[in-house]
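The next block holds one structure in the form of structure tokens; read it before the comments.
In the numbering used here, the protein residues as written are 1488 to 1581.
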């Protein structure tokens, strides 16, 4: 697995990831996620980069996007349990 740091936002733009709305960054669902995280000892650290930039998660193989998650808000969490089956299915096709 590889994570990509993209301070110039080249990949964000290429994948169509924009800046979040007030609700996507500070809405009730985000606050609930923040409280849940804080109750587990996770706190927000120093803000680095654009705090309004919406996140993106993509499974890419060569030129193909095999899977992506469209974040509803910044506290959204994708269901990663389906990824092994997606990877296995794509491996069989090739």
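Just so it is clear, CB atoms sit at the ideal spot from N, CA and C, and this is done for glycine as well.
Small disclaimer: the values here were computed from a predicted structure and weren't measured.
Residue 1502 sits in coil when the DSSP states are folded into three classes, being neither helix nor strand. Sequence-distant Cβ neighbours of residue 1565 in its own chain, meaning closer than 6 angstroms and more than five residues away, are 1544 and 1556. One alpha carbon belongs to residue 1575, the other to residue 1568, and they sit about 13 angstroms apart. The stretch 1534-1553 makes contact with the stretch 1496-1509: 3 or more CB pairs, one atom from each, lie closer than 8 angstroms. Residue 1571 and residue 1548 have their C-alpha atoms some 14 angstroms from each other.
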